[in-house]
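One structure is given here, and the rest of the page talks about it.
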Amino acid sequence: AQTVTQSQPEMSVQEAETVTLSCTYDTSENNYYLFWYKQPPSRQMILVIRQEAYKQQNATENRFSVNFQKAAKSFSLKISDSQLGDTAMYFCAFMKFDMDDMRFGAGTRLTVKP
Amino acid sequence: NAGVTQTPKFRVLKTGQSMTLLCAQDMNHEYMYWYRQDPGMGLRLIHYSVGEGTTAKGEVPDGYNVSRLKKQNFLLGLESAAPSQTSVYFCASSVGHYSGNTIYFGEGSWLTVV
Numbered sequence: 006a007q008t009v010t011q012s013q014p015e016m017s018v019q020e021a022e023t024v025t026l027s028c029t030y031d032t033s034e035n036n037y038y039l040f041w042y043k044q045p046p047s048r049q050m051i052l053v054i055r056q057e058a059y060k061q062q063n064a065t066e067n068r069f070s071v072n073f074q075k076a077a078k079s080f081s082l083k084i085s086d087s088q089l090g091d092t093a094m095y096f097c098a099f100m101k102f103d104m105d106d107m108r109f110g111a112g113t114r115l116t117v118k119p
Numbered sequence: 260n261a262g263v264t265q266t267p268k269f270r271v272l273k274t275g276q277s278m279t280l281l282c283a284q285d286m287n288h289e290y291m292y293w294y295r296q297d298p299g300m301g302l303r304l305i306h307y308s309v310g311e312g313t314t315a316k317g318e319v320p321d322g323y324n325v326s327r328l329k330k331q332n333f334l335l336g337l338e339s340a341a342p343s344q345t346s347v348y349f350c351a352s353s354v355g356h357y358s359g360n361t362i363y364f365g366e367g368s369w370l371t372v373v
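Quick note, the sequences are listed as chains A and B, same order. Letter by letter, the first sequence follows residues 6 to 119 of our numbering. Letter by letter, the second sequence follows residues 260 to 373 of our numbering.
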């Protein structure tokens with residue numbers, strides 16, 4: 006079974022600074038997808054960024070980027086120029102290429118301080 | 260621009276009562292999912308469906324039943340609610356395999372069993 010581990014229950018960062026959230030996963034699969042989801046206080050799940058395991062290039066979405074290390078089974082999220090609106094729970098998630106469900110980590114609560 | 264809609268958003272049940280959570284999506288997605296979210300545990304898959312008339316068990320299916328009579332709707336039932344089922348429930352949908360597997364979530368339903 007696939008497992009996803011987020012070792013940082015809580016983190017904080019000053020506004021405009023950069024923060025990195027960690028995620029590791031365990032799988033024997035070669036093809037899969039990795040995701041970072043943001044969950045603000047409204048509790049809605051919002052997709053932040055997605056990475057296909059067969060792609061060597063790290064995904065980037067505006068201020069959000071990932072460091073995908075396939076051999077190390079590591080998938081960290083970097084948030085640059087942090088904004089107050091980035092305050093939320095962040096979940097790392099894994100999905101096998103041919104599977105029907107997504108496995109989530111326990112989440113990291115990020116607080117951006119003014 | 261509805262996306263994934265869940266009803267009700269809040270509900271309090273007494274132990275032993277039954278209820279149904281309704282999920283509706285207007286994106287013509289084949290795949291639909293029910294997750295529960297408990298503190299410190301991220302999201303866990305209860306049941307899912309890969310098309311109209313199909314259902315399958317996820318990671319934590321016990322105590323729940325589901326039905327997918329129409330493509331756009333996915334119902335989650337609790338036949339005899341227990342305090343352990345107090346949680347936030349998320350419905351989600353996706354196009355399906357080989358689509359990038361992006362899952363779209365509803366806003367959540369808060370269920371308290373007393």
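For each residue, glycine too, the CB sits at the ideal point set by N, CA and C. As the structure is a computational prediction, the values presented were derived from the model and not from experiment.
Compare the C-beta of residue i with all C-beta atoms of chain A and state if any pair is closer than 7 angstroms.
| i | result |
| --- | --- |
| Y348 of chain B | no |
| M300 of chain B | yes |
| G367 of chain B | yes |
| L370 of chain B | no |
Smallest Cα separation from residue i: which of the options?
| i | options | result |
| --- | --- | --- |
| F333 of chain B | B:H306, B:G275, B:L302 | B:H306 |
| E57 of chain A | A:V71, A:V117, A:D86, A:E22 | A:V71 |
| L280 of chain B | B:K273, B:F269, B:N287 | B:F269 |
| V117 of chain A | A:L82, A:S27, A:D91, A:E66 | A:D91 |
| V373 of chain B | B:Y294, B:S353, B:P342, B:Q296 | B:P342 |
| E22 of chain A | A:M100, A:I84, A:R108 | A:I84 |
| R68 of chain A | A:F80, A:A76, A:D86 | A:D86 |
| F364 of chain B | A:Y30, A:S47, A:V24, A:T29 | A:S47 |
Checking contacts by CB at 7 angstroms: is residue i closer than that to chain B?
| i | result |
| --- | --- |
| F109 of chain A | yes |
| F96 of chain A | yes |
| D106 of chain A | yes |
So, at 6 angstroms on beta carbons, what are the nonlocal neighbours of residue i in its own chain, with the 5 sequence-adjacent residues on each side left out?
| i | result |
| --- | --- |
| G355 of chain B | E289, Y290 |
| T32 of chain A | Q7 |
| F102 of chain A | N36, Y37 |
| F40 of chain A | R55, A98 |
| V371 of chain B | Looking at the sequence shown, residue 371 of chain B is not Val but Thr. Hits under 6 angstroms: V271, T345. |
| L26 of chain A | L82, Y95, T113 |
| D297 of chain B | S346 |
Cutting at 7 angstroms between CB atoms, please list the residues of its own chain near residue i, excluding the five before and the five after it.
| i | result |
| --- | --- |
| N324 of chain B | G336, E338 |
| A111 of chain A | Q11 |
| P14 of chain A | T113, R114 |
| Q331 of chain B | A283, Q284, D285 |
| P320 of chain B | I305, H306 |
Which same chain residues end up closer than 8 angstroms to residue i when comparing Cβ atoms and leaving out the 5 residues on each side of it in sequence?
| i | result |
| --- | --- |
| S308 of chain B | Y290, M291, Y292, T314, A315, V325, R327, F333 |
Show which residues of chain B have a CB atom less than 7 angstroms away from the CB atom of residue i.
| i | result |
| --- | --- |
| G112 of chain A | G301 |
List the residues of chain A whose Cβ lies closer than 9 angstroms to the Cβ of residue i, in chain order.
| i | result |
| --- | --- |
| T361 of chain B | Y38, F40, L52, R55 |
Within 7 angstroms of any Cβ in chain D, is that where the Cβ of residue i sits?
| i | result |
| --- | --- |
| T23 of chain A | No chain D is present in this structure, whose protein chains are A and B. |
**OP:** Taking a Cβ distance cut-off of 9 angstroms, strictly less, list which residues of the segment 42-53 of chain A are near chain B, in chain order.
**Re:** Y42, Q44, S47, R48, Q49, M50, I51, L52
Subject >> Selection of the segment 268-285 of chain B by Cβ proximity to chain A, strictly under 9 angstroms >> reply: none
Subject >> Residues of the segment 306-338 of chain B with Cβ closer than 8 angstroms to any Cβ of chain A, in chain order >> reply: Only those residues of the segment 306-338 of chain B whose C-beta falls short of 8 angstroms from the nearest C-beta of chain A are listed: Y307, V309, A315, G317, E318.
Original post:
What residues in the segment 54-66 of chain A have a beta carbon less than 9 angstroms from any beta carbon of chain B?
Top reply: R55, E57
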